[in-house]
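Student: Supplied in C-alpha cells, the structure appears directly below.
2 protein chains.
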Amino acid sequence: MTMPTATFRSINPQTATAFGPEFVESSKEEVEKKILAAHAIRREFADLEPKRRAALLREIADAIESRREKLVAIAPLETGLPVARITSEVTRTVVQIRAFATMVETGIHYNATIDLPDPDFQPAPRPDIRKFNQSLGVVAIFAASNFPLAFSVMGGDSASALAAGCPVIVKAHPSHPQTSEIVFQAVQSALRSLGLPGEIFSIAHGQNPELTHWLATADHVTAIGFTGSGLVGKLLVKLASERKVPIPVFAEMGSLNPVFITTNAITERASAIAKGAAESVLMGSGQFCTKPGLFFIPSDSTGDVFIAEFTIQLSQSQAAPLLNPGIRDRYKKSMAELESAPVISVLHGLPGSDTGLSVQPAVIVVNAEEFARMPQLSEEHFGPTSVIVRASVASYSAIAASIEGQLTTTIHAGADEQDDLSKLISELAQISGRVIWNGFPTGVAVTAAMNHGGPWPASSTNTTSVGIDATYRFLRPVSYQGFPDAYLPPALQASNPWKIERVTNGVRG
Amino acid sequence: MTMPTATFRSINPQTATAFGPEFVESSKEEVEKKILAAHAIRREFADLEPKRRAALLREIADAIESRREKLVAIAPLETGLPVARITSEVTRTVVQIRAFATMVETGIHYNATIDLPDPDFQPAPRPDIRKFNQSLGVVAIFAASNFPLAFSVMGGDSASALAAGCPVIVKAHPSHPQTSEIVFQAVQSALRSLGLPGEIFSIAHGQNPELTHWLATADHVTAIGFTGSGLVGKLLVKLASERKVPIPVFAEMGSLNPVFITTNAITERASAIAKGAAESVLMGSGQFCTKPGLFFIPSDSTGDVFIAEFTIQLSQSQAAPLLNPGIRDRYKKSMAELESAPVISVLHGLPGSDTGLSVQPAVIVVNAEEFARMPQLSEEHFGPTSVIVRASVASYSAIAASIEGQLTTTIHAGADEQDDLSKLISELAQISGRVIWNGFPTGVAVTAAMNHGGPWPASSTNTTSVGIDATYRFLRPVSYQGFPDAYLPPALQASNPWKIERVTNGVRG
Numbered sequence: 000m001t002m003p004t005a006t007f008r009s010i011n012p013q014t015a016t017a018f019g020p021e022f023v024e025s026s027k028e029e030v031e032k033k034i035l036a037a038h039a040i041r042r043e044f045a046d047l048e049p050k051r052r053a054a055l056l057r058e059i060a061d062a063i064e065s066r067r068e069k070l071v072a073i074a075p076l077e078t079g080l081p082v083a084r085i086t087s088e089v090t091r092t093v094v095q096i097r098a099f100a101t102m103v104e105t106g107i108h109y110n111a112t113i114d115l116p117d118p119d120f121q122p123a124p125r126p127d128i129r130k131f132n133q134s135l136g137v138v139a140i141f142a143a144s145n146f147p148l149a150f151s152v153m154g155g156d157s158a159s160a161l162a163a164g165c166p167v168i169v170k171a172h173p174s175h176p177q178t179s180e181i182v183f184q185a186v187q188s189a190l191r192s193l194g195l196p197g198e199i200f201s202i203a204h205g206q207n208p209e210l211t212h213w214l215a216t217a218d219h220v221t222a223i224g225f226t227g228s229g230l231v232g233k234l235l236v237k238l239a240s241e242r243k244v245p246i247p248v249f250a251e252m253g254s255l256n257p258v259f260i261t262t263n264a265i266t267e268r269a270s271a272i273a274k275g276a277a278e279s280v281l282m283g284s285g286q287f288c289t290k291p292g293l294f295f296i297p298s299d300s301t302g303d304v305f306i307a308e309f310t311i312q313l314s315q316s317q318a319a320p321l322l323n324p325g326i327r328d329r330y331k332k333s334m335a336e337l338e339s340a341p342v343i344s345v346l347h348g349l350p351g352s353d354t355g356l357s358v359q360p361a362v363i364v365v366n367a368e369e370f371a372r373m374p375q376l377s378e379e380h381f382g383p384t385s386v387i388v389r390a391s392v393a394s395y396s397a398i399a400a401s402i403e404g405q406l407t408t409t410i411h412a413g414a415d416e417q418d419d420l421s422k423l424i425s426e427l428a429q430i431s432g433r434v435i436w437n438g439f440p441t442g443v444a445v446t447a448a449m450n451h452g453g454p455w456p457a458s459s460t461n462t463t464s465v466g467i468d469a470t471y472r473f474l475r476p477v478s479y480q481g482f483p484d485a486y487l488p489p490a491l492q493a494s495n496p497w498k499i500e501r502v503t504n505g506v507r508g
Numbered sequence: 000m001t002m003p004t005a006t007f008r009s010i011n012p013q014t015a016t017a018f019g020p021e022f023v024e025s026s027k028e029e030v031e032k033k034i035l036a037a038h039a040i041r042r043e044f045a046d047l048e049p050k051r052r053a054a055l056l057r058e059i060a061d062a063i064e065s066r067r068e069k070l071v072a073i074a075p076l077e078t079g080l081p082v083a084r085i086t087s088e089v090t091r092t093v094v095q096i097r098a099f100a101t102m103v104e105t106g107i108h109y110n111a112t113i114d115l116p117d118p119d120f121q122p123a124p125r126p127d128i129r130k131f132n133q134s135l136g137v138v139a140i141f142a143a144s145n146f147p148l149a150f151s152v153m154g155g156d157s158a159s160a161l162a163a164g165c166p167v168i169v170k171a172h173p174s175h176p177q178t179s180e181i182v183f184q185a186v187q188s189a190l191r192s193l194g195l196p197g198e199i200f201s202i203a204h205g206q207n208p209e210l211t212h213w214l215a216t217a218d219h220v221t222a223i224g225f226t227g228s229g230l231v232g233k234l235l236v237k238l239a240s241e242r243k244v245p246i247p248v249f250a251e252m253g254s255l256n257p258v259f260i261t262t263n264a265i266t267e268r269a270s271a272i273a274k275g276a277a278e279s280v281l282m283g284s285g286q287f288c289t290k291p292g293l294f295f296i297p298s299d300s301t302g303d304v305f306i307a308e309f310t311i312q313l314s315q316s317q318a319a320p321l322l323n324p325g326i327r328d329r330y331k332k333s334m335a336e337l338e339s340a341p342v343i344s345v346l347h348g349l350p351g352s353d354t355g356l357s358v359q360p361a362v363i364v365v366n367a368e369e370f371a372r373m374p375q376l377s378e379e380h381f382g383p384t385s386v387i388v389r390a391s392v393a394s395y396s397a398i399a400a401s402i403e404g405q406l407t408t409t410i411h412a413g414a415d416e417q418d419d420l421s422k423l424i425s426e427l428a429q430i431s432g433r434v435i436w437n438g439f440p441t442g443v444a445v446t447a448a449m450n451h452g453g454p455w456p457a458s459s460t461n462t463t464s465v466g467i468d469a470t471y472r473f474l475r476p477v478s479y480q481g482f483p484d485a486y487l488p489p490a491l492q493a494s495n496p497w498k499i500e501r502v503t504n505g506v507r508g
C-alpha cells in the first residue's frame, strides 16, 4: 500500500487563502538520505581552502541578490510583511553572508595556535603542539517564520555553519515555502558555479511536526542551529539531550526585551520615546524576537505623560496581518485572556481591516503590584502587543534582578540624568545579552560586536546566532602533537599555505 | 534531636588504613550558605581589574609553591602516588596558574570588540556597539582523585574559573582531604594578602553522594567544571539539564585513547615503542584519563615482536596501589571479568606486594574479531591495564571510524613509512580532541595549543579544561549599544583604562 503523499501550499496572510504551487512533505527516508549524503562529503567541504569557501559565500550572496526581484515579489505575499521590509531584509541577508566571507578569508575562526617544542618547559619538556578549530560535520538549521530571509534558509544560522565548513540541512519554514525554494535554488546555483557538491546544502519542506524529530535525532547531525520560539527551542534541547550521542543545540528563543524609562528621559523627550517605542513594538506586526514586550515607566506624573503620548502613537497604528494562522490564533487567545484580567487599562490601535490574518494592536497597562501578581504578563506574546508597567524608578534595579534571562534590555535616560543608573545597568548586563542605551532593541546590526543570545530561557547556550562570532558554534578544537609537517592540516603547516592569522608561541601574526 | 555529624579520614593506599584528622562532612545548609556568599560578591570579583586578578593568581601560585614541602609530605600518603610525581604535579599546578595570570593581563579573554557608529552601514545606519565577555557567576568545580593538585582544589578547572572572574566552590575529592585543605588554605591566604573576600573561593568536603546533587542543583551555581569519570560526568550533565534554569556542564571524562602502531614503526623501533607504551599505561598506576587503554598492532609477525617486547617491559613492572578502595574494587572486578572471557592471552606484571590497595598490572591481547565481539573491551578500565588488539594495518582507518569519541588518539609510524596514513589521521582527528604522532597521550603540556577535551562521550562540550582556552568556558558575551562612555564597563571605554587587547572596527590593537 502506498501512503498518499501529503502536500501543502503558501497562505497569503492578507487574505488567509492558499496560493501557489503544492509543496510535497519531505519523508523520513528523504531526510535521512540527504543527511547521509551531506555526511559523506563533510570532509571534502571541511578541508576547502578558506579562499574557496569565502568565494562560495560571496557567490551565494550574489545569487540571492540576483533573485531580489523574485523575492520581493513573493515574500510579502507569503508573510504579509511590507515590500520595504523584504527589500531591506534581502540586503541584510547578503550583507551578513559577505561578512562571513570576509572573516573566513582571514582564517581567524580557525584559532590556529602553534607552540613550538620547548626543552625548558616545566614540569617537563614540551613537544611541538598545534591546535586549530575543525568543522563539526552536518548541521541542521531550523528556519524562522518571522525573518523569511535573514533567519530562514540562508540566514545567519546557515551562513555561519557554511562559514565553519559544515554541510547544512535546513528545515524550511512552511509559512514561506516559495521564498525558501528560491533561496535554496540560489545556493544550489552558487555551489554549481564553484563546482562543489550540491549535497553541501539541502532542504526539507513540511508542516509535519515529525520532521523536527527526524532532523534532531538523525545519527549524522552534529549540531542544531535555531533562532525562533521558546517552545520549539526547548523541544530541540530535549531531543538532542536524549540522543545516544548528545549534540549541542544553539537555540536563541523568545524574549520580553524589557525597556526601563527614567523620569528625566520622559521629561526631556516623552513624544520621541513614545514614537520610537510604538514603532519598535509594531515593527513586523510585533513578530520580532527583540520586540520590546515590557516597558517600565515611572508611577509619577511623567508616567501619565508617556502613556498619553503612547496612546496617540497607538491610535494611529493600523491592524496588520500576522505570519500564519497559528500565530494569529495564539495572539487572539492570549490577548482575550489578558484583556479579561483585572488590569488597569488596554490601549488599542485602529481596528482597520479585519480580513485575513490581521489583528489589532493592543497594549496593556498595569502597576507594579499587578505585574508581580500576574505571571502571564512575563510571557512573550508574539504580535503587535506589549505591557507597560508603572513602577517607581528607585525600584527598577530590584525589578531587573527579578527578571529571567532576556535577549536584550534597554534603558532610556535623560541627558541630564539625576539618578545613578550604575546598579540598574549592572543588573541588566547580568540578565541579558545586549543592553541598549536610549534606543530600541529591534533592528539588529549584523556586526562583529553584536550579540544576540542571552541567558536562559532567552537562549540555550552562551553564544550568538547574529554576527560573525556565530561561526564558532560549529567548530571544535583539535590538537596535533609532534606531527611531521606533511601530515599536518594546511592551517597548521610551517609555511602557512592558507596565509591565515595564527598565534605562534604567543605571538599573533 | 541533633543528627550525629558524619566524619571521614584519609586512607593510605599503601596500607589501606585510615590516618590523620577527622574531616566533617559538609551539610546541605553549609553548602548553600557558601554558594549564597559567593553569589553575593560575584560582581565585585567579576569587576576586578585584570592586573589585580592576575596578581591574585600569582599570589595563589606562590602560596601553593611555599607549601610544596607540606604537600610533598602528605599527598603521596593520601594517594599512593610517588613523591617524584607529586613534586612534578606541584610544579605543573603553579605553572598553569601563572599561565592563566599572564593571559588575564593581556585581557584577550574579554574578546573586547568595538564597532563605531557607521551611518553608511547596510541595510540601516549602525549605532555604536561594543561587546565583551562577562563572568558567568559562581562556578562549582568537582575535584579529580587522580590529579591531587593539577586537577583538584586549585587545578586547571578552578584556575580557569578564577581567571574568568567567577567565584569558585570546589567539591574536594574525599580521597585526599588533607592535600585539599592545604591548597584551600593557600588560596585563602592569597585572597587575604590581596584584601579580597574569602567568599571568592570555598570548599566542601565529604563522601556523601548527595553533595554532588546539592552543588549541581543550587540556584546560584551558573556552571560546572569537572575533569574525571564518565559516570560522574554524565550524572552532572543530567542534573544540570533538569534544573529550572539549565547550566552548562564542562565535563571531560574518561577515554580509551587508542594507539595505532604501523608495521614500519615496529620494524624500526619495537623496543622503544614497547617501553614508552608500558610506561604510559602504568604511569600513576594507570589512573590517567589520557592513559592508552587500547593499542592496535599488526596481525603479522611484527605484532609478535611488539608483544614480546611489551611482555619484557611488563614483566619488570611492579604492583602499585590505586587511589582509593572504590577504584581498587572496580579494577579487580573488571579484570576478573575480562580475564575469564575467551581472550587469547593476558600479560601480567610482577605480583609484588599485595598489601593495601595495590594491584598487579595486566594487559589483555585479542584479535580484531574478538575485539569487535566484546563491547566490554571498549570501556575504560581505570588502573594498570590496557588492551592490545591485533589487526591488519590496512583496516586501521575503518576501525578508527567505528570508535566513539576520545580525548586522544595516537599513531606510531616509521621514519620511512610505506603506508599512506592520511585517511587514518583524518579519521582520528574526527573522533578525538588531540592526535599524537610517535608519542604517548599521558603527560599533557599545559600550553595555549593544548586541547584536552574530545567528542562525546569523552567530553560533554567542545571545549578544553587544560590550557588557557579553558577560561572561555566561564564567560559569556554581552553587547552595549549606544552607551555613554562613563556608563560603559572599563573594558569597553574609549580610553581603554585596563590597556587590554581589543578589536576596533576590525583592527586589533
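Line order of the protein sequences matches chains A and B.
Just so you know, numbering that gives the first Met the number 0 puts the end of the first sequence at 508, numbered straight through with nothing missing.
Just so you know, numbering that gives the first Met the number 0 puts the end of the second sequence at 508, numbered straight through with nothing missing.
Using N, Cα and C, we set each Cβ at its ideal position, and we do this for glycine too.
Source: prediction; values computed, not measured.
1. Taking the alpha-carbon positions, what's the residue 0 of chain A to residue 26 of chain A distance?
2. Just curious, the beta strand (DSSP E) that residue 347 of chain B is in, first and last residue?
3. Within the 9 Å Cβ cut-off, does residue 482 of chain A reach chain B?
4. Count the other CB atoms, across all protein chains shown, that sit within 10 Å of the CB of residue 507 of chain A; report buried if there are 16 or more and exposed otherwise.
5. Rounded to a whole number of angstroms, what is the C-alpha to C-alpha distance between residue 108 of chain A and residue 172 of chain B?
6. Rank B/10, B/386, B/224 and B/422 by C-alpha distance to the C-alpha of residue 254 of chain B and give the top, closest one.
7. Which of helix, strand or coil does DSSP assign to residue 432 of chain A?
8. Under 8 Å: do the stretch 243 to 257 of chain A and the stretch 448 to 463 of chain B share three or more Cβ pairs, one atom per stretch?
9. Taking 9 Å as the CB-CB limit, is residue 334 of chain A close to chain B?
10. So residue 109 of chain A contacts chain B; which residues on that side make the cut at Cβ distance below 9 Å?
11. Among B/101, B/213 and B/286, whose alpha-carbon lies nearest the alpha-carbon of residue 147 of chain B?
12. Chain B beta carbons: is any one of them nearer than 9 Å to that of residue 275 of chain A?
13. What are the partner residues of residue 453 of chain A, as DSSP defines its beta bridges?
14. How do the stretch 358 to 365 of chain A and the stretch 252 to 270 of chain A stand: do at least 3 beta-carbon pairs fall below 8 Å, yes or no?
15. 9 Å is my cut-off, CB to CB: does residue 184 of chain A come that close to chain B?
16. Which of helix, strand or coil does DSSP assign to residue 372 of chain A?
17. Output yes if chain B places a C-beta closer than 9 Å to the C-beta of residue 395 of chain A; else output no.
18. Out of A/204, A/377 and A/371, which one is the CA nearest neighbour of residue 170 of chain A?
19. Based on the DSSP output, what are the partners of residue 114 of chain B in its beta bridges?
20. Count the other CB atoms, across all protein chains shown, that sit within 10 Å of the CB of residue 113 of chain B; report buried if there are 16 or more and exposed otherwise.
21. Measuring alpha carbon to alpha carbon, tell me which of A/77, A/468 and A/225 ends up nearest residue 98 of chain A.
22. Between which two residues does the beta strand (DSSP E) harbouring residue 170 of chain A extend?
23. Under a Cβ-count criterion, where at least 16 other Cβ atoms within 10 Å of its own Cβ denotes burial, should residue 47 of chain A be classed as buried or exposed?
24. I need the boundaries of the beta strand (DSSP E) containing residue 148 of chain A, first residue and last residue.
25. On the DSSP letters alone, give me the boundaries of the beta strand (DSSP E) that residue 224 of chain A sits inside.
26. Please list the terminal residues of the continuous alpha helix (DSSP H) segment that includes residue 232 of chain A.
27. Any idea which residues DSSP pairs residue 479 of chain A with across the strands?
28. I'd like to know whether the C-beta atoms of residue 111 of chain B and residue 502 of chain B end up nearer to each other than 9 Å.
29. Does DSSP put residue 99 of chain B in a helix, a strand or coil?
30. In whole angstroms, what separates the C-alpha of residue 165 of chain B from that of residue 185 of chain A?
31. Name, please, each residue of chain B whose Cβ falls closer than 7 Å to the Cβ of residue 437 of chain A.
32. With 9 Å set as the bound, which would you pick, yes or no: does the beta-carbon of residue 460 of chain A sit closer than that to a beta-carbon of chain B?
33. Do residue 6 of chain A and residue 30 of chain A have their C-beta atoms closer together than 9 Å?
34. Could you run through the stretch 197 to 226 of chain B and flag, in chain order, every residue whose CB is less than 7 Å away from some CB of chain A?
Tutor: Answer, in terms of the structure:
1. Annotation note: pLDDT 45 at residue 0 of chain A (below 50); position unreliable, coordinate value reported separately. If I take the Cα positions, the gap works out to 16 Å.
2. 344 to 347
3. yes
4. exposed
5. 37 Å
6. B/386
7. strand
8. Yes, the stretch 243 to 257 of chain A touches the stretch 448 to 463 of chain B.
9. no
10. Chain order gives no chain B residues near residue 109 of chain A, where near means a beta carbon separation below 9 Å; the closest approach is about 12 Å.
11. It is B/286 whose Cα lies nearest to the Cα of residue 147 of chain B.
12. no
13. Bridge partners of residue 453 of chain A: none, in fact.
14. Counting Cβ pairs under 8 Å, fewer than three are found: no touch.
15. no
16. helix
17. no
18. A/204
19. B/128
20. With 16 or more other Cβ atoms within 10 Å, it is buried.
21. Minimum Cα distance to residue 98 of chain A is reached at A/468.
22. It spans 167 to 170 - the beta strand (DSSP E) in which residue 170 of chain A sits, taken as one unbroken run.
23. If you draw a 10 Å sphere on the C-beta of residue 47 of chain A, you find 16 or more other C-beta atoms in it, and that means buried.
24. Neither: residue 148 of chain A is in no beta strand (DSSP E) and is coded neither H nor E.
25. 220 to 226
26. 229 to 240
27. A/129 and B/434
28. yes
29. Residue state, collapsed to three classes: helix.
30. 46 Å
31. 481
32. For residue 460 of chain A, the answer is yes, since a Cβ of chain B falls inside 9 Å of its Cβ.
33. no
34. none
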